[in-house]
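To keep things clear, I will list the structure first and then write my remarks on it.
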Amino acid sequence: MHFGPHLLLAALEGLVTSAVLALTALGLSLVFGVMRVVNVAHGEFFMLGAVLAWAISTAISGHPAVGFLAALVLAPLIVGAIALVAERLVLRRLHYNPEATIVATIGMLYIIQQLALTFYGPEARPVEPPFTYRILLPWFGYSGYKLSVIAASALLLVATWLVLTRTKIGLVMRATQYDSETAQAFGIPVDRVYAGVFALGAMLAAIAAVLIVPISQAHYLMGQDPLLLSFIVVIIGGLGSLRGTVVAAVLIGLSDGIISVFFSPTLAKIIATFLVAMVLVFRPHGLFGTASR
Amino acid sequence: MTEASPTKPYALHLGVIALLFALSFVLPGYHHGLLARIMVLAVFAMGYNMLFGYVGLLSLGHAMFFSAGLYGAGLTVYHLGWNVPAAFAAGLACGALLALVIGLLALRTTGVAFMIVTMMFAQVFYLVILYFASWTGGDQGLVVQQAARVLVLGSASFDLTNPTVRYMSALALFSIVLLVTLAIVRSRYGRVLVAIRENEERTKMLGYDTFSNKLIAVVVSGTICAASGAAYALLFGYVGSSFASVQYSILPLLWVLLGGAATTLGPLIGTLFMYYVIDITSGFTSAYLLIVGIALILLVLFFPKGILGTIRQRWLGWLP
Numbered sequence: 001m002h003f004g005p006h007l008l009l010a011a012l013e014g015l016v017t018s019a020v021l022a023l024t025a026l027g028l029s030l031v032f033g034v035m036r037v038v039n040v041a042h043g044e045f046f047m048l049g050a051v052l053a054w055a056i057s058t059a060i061s062g063h064p065a066v067g068f069l070a071a072l073v074l075a076p077l078i079v080g081a082i083a084l085v086a087e088r089l090v091l092r093r094l095h096y097n098p099e100a101t102i103v104a105t106i107g108m109l110y111i112i113q114q115l116a117l118t119f120y121g122p123e124a125r126p127v128e129p130p131f132t133y134r135i136l137l138p139w140f141g142y143s144g145y146k147l148s149v150i151a152a153s154a155l156l157l158v159a160t161w162l163v164l165t166r167t168k169i170g171l172v173m174r175a176t177q178y179d180s181e182t183a184q185a186f187g188i189p190v191d192r193v194y195a196g197v198f199a200l201g202a203m204l205a206a207i208a209a210v211l212i213v214p215i216s217q218a219h220y221l222m223g224q225d226p227l228l229l230s231f232i233v234v235i236i237g238g239l240g241s242l243r244g245t246v247v248a249a250v251l252i253g254l255s256d257g258i259i260s261v262f263f264s265p266t267l268a269k270i271i272a273t274f275l276v277a278m279v280l281v282f283r284p285h286g287l288f289g290t291a292s293r
Numbered sequence: 001m002t003e004a005s006p007t008k009p010y011a012l013h014l015g016v017i018a019l020l021f022a023l024s025f026v027l028p029g030y031h032h033g034l035l036a037r038i039m040v041l042a043v044f045a046m047g048y049n050m051l052f053g054y055v056g057l058l059s060l061g062h063a064m065f066f067s068a069g070l071y072g073a074g075l076t077v078y079h080l081g082w083n084v085p086a087a088f089a090a091g092l093a094c095g096a097l098l099a100l101v102i103g104l105l106a107l108r109t110t111g112v113a114f115m116i117v118t119m120m121f122a123q124v125f126y127l128v129i130l131y132f133a134s135w136t137g138g139d140q141g142l143v144v145q146q147a148a149r150v151l152v153l154g155s156a157s158f159d160l161t162n163p164t165v166r167y168m169s170a171l172a173l174f175s176i177v178l179l180v181t182l183a184i185v186r187s188r189y190g191r192v193l194v195a196i197r198e199n200e201e202r203t204k205m206l207g208y209d210t211f212s213n214k215l216i217a218v219v220v221s222g223t224i225c226a227a228s229g230a231a232y233a234l235l236f237g238y239v240g241s242s243f244a245s246v247q248y249s250i251l252p253l254l255w256v257l258l259g260g261a262a263t264t265l266g267p268l269i270g271t272l273f274m275y276y277v278i279d280i281t282s283g284f285t286s287a288y289l290l291i292v293g294i295a296l297i298l299l300v301l302f303f304p305k306g307i308l309g310t311i312r313q314r315w316l317g318w319l320p
């Protein structure tokens, strides 16, 4: 293959990564933005989504699309419910203290990971894609499903943006993010907003995982890379900024796809992690974020 | 903190050291070896406690200081054939230098950003170890040969692979670090650190240079952790990348939280307790990470002060 088509292929792969990453990172960013909680267990909610997608799609017989659609609806709901319980039982009792919640979510990470290993096992298992149409480009054929992942993710991102900017729920969330005490004084149930946001963040990660699982496979350790990448995206995009998160996800996804096609993936990770740490040291509000209050 | 007679804490610490010394002669082989390992790792926890407990800086990247000592000592023995004291010094120097650089960068941030930055630098360090697998052995690690692990002092030579020598070396390191931290904590400098933890703005206003005080604390903490890593490489002869992974940044946090942050003996108690909990439970389940996770959540929920912290609050106010 020549350089041009090779680069196109790398870019397409990068865009698929970006699409999933944007959804996952958006969940992390919402939770941090509104609740000021750094959710270290976010990657495990992603993993749970993928594992549940496997469980649901194997439990339902018939056309793969039926099982996949059921997983796309049910898996995020179950993950959201689990997140809700974790929020009520642990995070609320810690009064959302940033340092205590980090320690607690590290604890959740270990618990979820170990339970997945115990009940799901160490194998990586595939989920059948809902359709297997191949789009033929002049140089190579490309999976239609992968392209639909990009489209679905873009759709969901626009929907989230509309909810945040055009609805009452979004207004309440933004008010809580801006100043939770004043919001409370104006009769906003801040406590319930926090619970909802934490569940929503986990659900976004789960949806991203269901979308990606027909391409990669479900595995109990699959939450670690998305966690690190989401951190990178959220930091570069500016903690709590939606537009920045999406731009940064596309940037990181594309460069990750292109760099790992042409260079060693370990070296790519070293450079990316180091650069992001430096961004955080010298530009703590990210490249697109504004100073937080 | 109430001011008590200064002899009491020193008597208690010397008593603990004497007890550990006496245990060497009564413990059966398995627990003897385990306790030697626990003492070395308790040094790691003490180094972590220096920064987390006394300055209030929560780092999620201390595995890099431990492994700087581990690789600093291990690689110089393995590739260059250095003798034990030189390799140990190399480990310390690597840890101190790394801590200085990381401190200069990471201390520009505070709070959550500090945690994430330290975690990311540790991740870079971990990936670098994997990337240079031809020298570091990557995730398989290196085994330091027995012949290289002999400490020659004058005409006497000690074989560090001998269980008694290993136990006594671990105890010696543990005792030195314990007494040094006790001295630091009770000194003027230690009180400045606590003042920074309680209210940094006010400390700054009173005329203290908080940045350089924190930087010194990072370097001291990193050097102690590196001492633990270097001792681990020389005493147990294994150098591997798993010691640089995120998990080994979380473990000292867990040990310190369990034993009691900002108590000098807390790290030992936390390490001892957690090690034995995992040791006993691994008899009937392999799911030890589950226990670590549950322990972390229960600790922050119900015992944020840890075992010794609670004892100090309830009964023994003079505990350092």
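These protein sequence lines are chains Z and H, in that order. For the first sequence, position 108 matches number 108 in full-length UniProt numbering, and the numbering has no gaps at all. For the second sequence, position 239 matches number 239 in full-length UniProt numbering, and the numbering has no gaps at all. For each residue, glycine too, the CB sits at the ideal point set by N, CA and C.
C-alpha distance - LEU179(H) paired with VAL165(H), whole-angstrom precision: 21 angstroms
Amino acids of chain Z, ordered along the chain, whose beta-carbon sits closer than 7 angstroms to that of ARG108(H): VAL281
Rounded Cβ spacing between LEU268(H) and TYR110(Z) (contact assumed at less than 8 angstroms): Actually they are not in contact, since the Cβ atoms of LEU268(H) and TYR110(Z) sit about 23 angstroms apart, beyond 8 angstroms.
Residue from LEU97(H), ALA99(H), TYR208(H) and GLY69(H) whose Cα sits closest to the Cα of ALA87(H): GLY69(H)
Cβ pair count under 8 angstroms reaching 3, the region 222-241 of chain H against the region 10-22 of chain H: no
Chain H contact for THR266(Z) (CB, 8 angstroms cutoff): yes
Limits of the beta strand (DSSP E) - the one that ARG188(H) falls within: Looking at the DSSP string, ARG188(H) is not in any beta strand (DSSP E); the run it does join, the alpha helix (DSSP H), is 188-198.
Pair within 8 angstroms by beta-carbon distance, ILE232(Z) and VAL163(Z): no
Stretch pair the region 109-128 of chain H + the region 251-261 of chain H: three plus CB contacts closer than 8 angstroms: no
Any 3 or more C-beta pairs closer than 8 angstroms across the region 99-109 of chain Z and the region 205-212 of chain Z: no
For VAL219(H), the nearest candidate out of PRO28(H), PRO6(H), MET50(H) and GLY29(H) (CA to CA): MET50(H)
ALA244(H) - containing alpha helix (DSSP H), residue span: It is not in any alpha helix (DSSP H) - ALA244(H) carries neither H nor E in the DSSP assignment.
Contacts that LEU72(Z) makes with chain H (C-beta to C-beta distance below 9 angstroms): What LEU72(Z) touches in chain H: nothing, since even the nearest Cβ is about 29 angstroms away.
Interfacial residues, the region 282-303 of chain H to chain A, with Cβ spacing under 7 angstroms: In the displayed structure, chain A is absent; the protein chains listed are Z and H.
Under 8 angstroms (Cβ pairs) to chain H, residues found in the region 203-227 of chain Z: none
Residue from LEU98(H), ALA172(H) and LEU60(H) with nearest C-alpha to ARG37(H): ALA172(H)
Simplified DSSP assignment, three categories, for ASP279(H): helix
4-residue-minimum alpha helix (DSSP H) runs that sit fully inside the region 104-161 of chain Z, ordered along the chain: none
contact_flag[the region 13-29 of chain Z, the region 186-202 of chain Z] where n(CB pairs < 8 angstroms) is 3 or more: yes
Where the alpha helix (DSSP H) containing PHE303(H) begins and where it ends: Here PHE303(H) belongs to no alpha helix (DSSP H), and DSSP marks it neither H nor E.
Neighbour list for ARG88(Z) in chain H, Cβ cutoff strictly below 9 angstroms: In chain order: nothing, as chain H lies at least about 13 angstroms away.
Cβ pair count under 8 angstroms reaching 3, the region 5-23 of chain Z against the region 187-198 of chain Z: no
Below-8 angstroms beta-carbon distance, residue 315(Z) vs any chain H residue: Given that chain Z is displayed from residue 1 to residue 293, the structure contains no residue 315(Z) and the question cannot be resolved.
Bridge partner(s) assigned by DSSP for ASN20(Z): In the sequence on display, residue 20(Z) carries Val and not Asn. Partner(s): none; VAL20(Z) has no beta bridge.
Check whether LEU232(H) and LEU34(H) have beta carbons under 8 angstroms apart: For the sequence presented, residue 232(H) should be read as Tyr rather than Leu. No, Cβ-Cβ distance for TYR232(H) and LEU34(H) is not below 8 angstroms.
Cβ of TYR96(Z) within 8 angstroms of any chain H Cβ: no
Where the alpha helix (DSSP H) containing ASP139(H) begins and where it ends: Counting along the chain, ASP139(H) falls outside any alpha helix (DSSP H), and DSSP gives it neither H nor E.
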